[in-house]
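Participant:
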Amino acid sequence: MVKSLAILRETKQDTREREIESRVALIPTQLQKLKTQCPQLVIFVEHNAGQKIDLTDSDYEAVGAIIVPRKEALTKEIIVGVKETPLSDFKQLGNSLWISFQHFAKNPQHTEAALKISRAQGTTFLSLETMQTEQQGS
């Protein structure tokens, strides 16, 4: 049974090294519902994960999340983000499930790094852009 989940602060940058991603994977109201459905789950949120959309660490703490630095968030069983895993994070990953948009098809270097870490440390990547919904009759 999964015991820990981490929500990351997005850090994607443009060519001038300016942060360009402001989304956060889950907001406090969603975490509150998740805690209701999975009360044994401990939810960790990277410090300032929601800052770019005016959500404070206190907003997350109010629904039972524990605020942690990125290094600690990367040690959890399930890691949830929006954009691709930064290459600098790969070396810190372990036997975890990383859920986010990865865009492996358009970035061979990223794909190779993910395969390498997956083989070496057991990290599994669930790439959201490959997910489809099933509709009645299809």
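Residue numbers for the sequence shown follow this note's numbering, beginning at 2 and rising by one.
Every residue, glycine too, gets a C-beta built ideally from N, C-alpha and C.
Under a three-way DSSP split, which group does Ile28 fall into?
Facilitator: Coil.
Participant: DSSP has Ala7 in a bridge; who is on the other side?
Facilitator: For Ala7, which the question treats as bridged, DSSP gives the partners Phe45, Ile80.
Participant: Distance check for Ile28 and His111, CA to CA, integer angstroms please.
Facilitator: Cα to Cα, the separation comes out at about 27 Å.
Participant: Would you list, in sequence order, the uninterrupted beta strand (DSSP E) runs of no fewer than 3 residues that lie entirely inside the region 61-133?
Facilitator: For the region 61-133, whole beta strand (DSSP E) runs of length 3 or above, ordered along the chain, are 67-69, 79-81, 98-101, 125-128.
Participant: Can you pull the DSSP bridge partners for Gln14?
Facilitator: Looking at the DSSP assignment, Gln14 forms a beta bridge with Glu20.
Participant: Where does Val3 land, buried or exposed, given buried means 16+ other C-beta within 10 angstroms?
Facilitator: Exposed, since its Cβ has fewer than 16 Cβ neighbours within 10 Å.
Participant: Quick one: using the 10 Å Cβ neighbour count with 16 as the cut-off for buried, is His66 buried or exposed?
Facilitator: Per the sequence shown, the amino acid found at residue 66 is Ala instead of His. Per the 10 Å Cβ criterion, buried.
Participant: What number of angstroms, rounded off, separates the C-alpha of Ile21 from the C-alpha of Glu130?
Facilitator: One C-alpha to the other measures close to 19 Å.
Participant: Consult DSSP for Asp55 and reduce its assignment to one of helix, strand or coil.
Facilitator: Correct three-state label for Asp55: coil.
Participant: Given Arg71, which residues of its chain have a CB within under 6 Å of its CB, disregarding the five upstream and five downstream residues?
Facilitator: The residues are Glu47.
Participant: So Ala7 and Phe45 are supposed to be a Cβ contact under 8 Å. How far apart are they, rounded?
Facilitator: Sure, about 4 Å apart at Cβ, within 8 Å.
Participant: Thinking Pro87 and Thr12 are a contact (beta carbons under 8 Å), I'd like their distance in whole angstroms, please.
Facilitator: About 6 Å separates the two Cβ atoms, so the contact holds.
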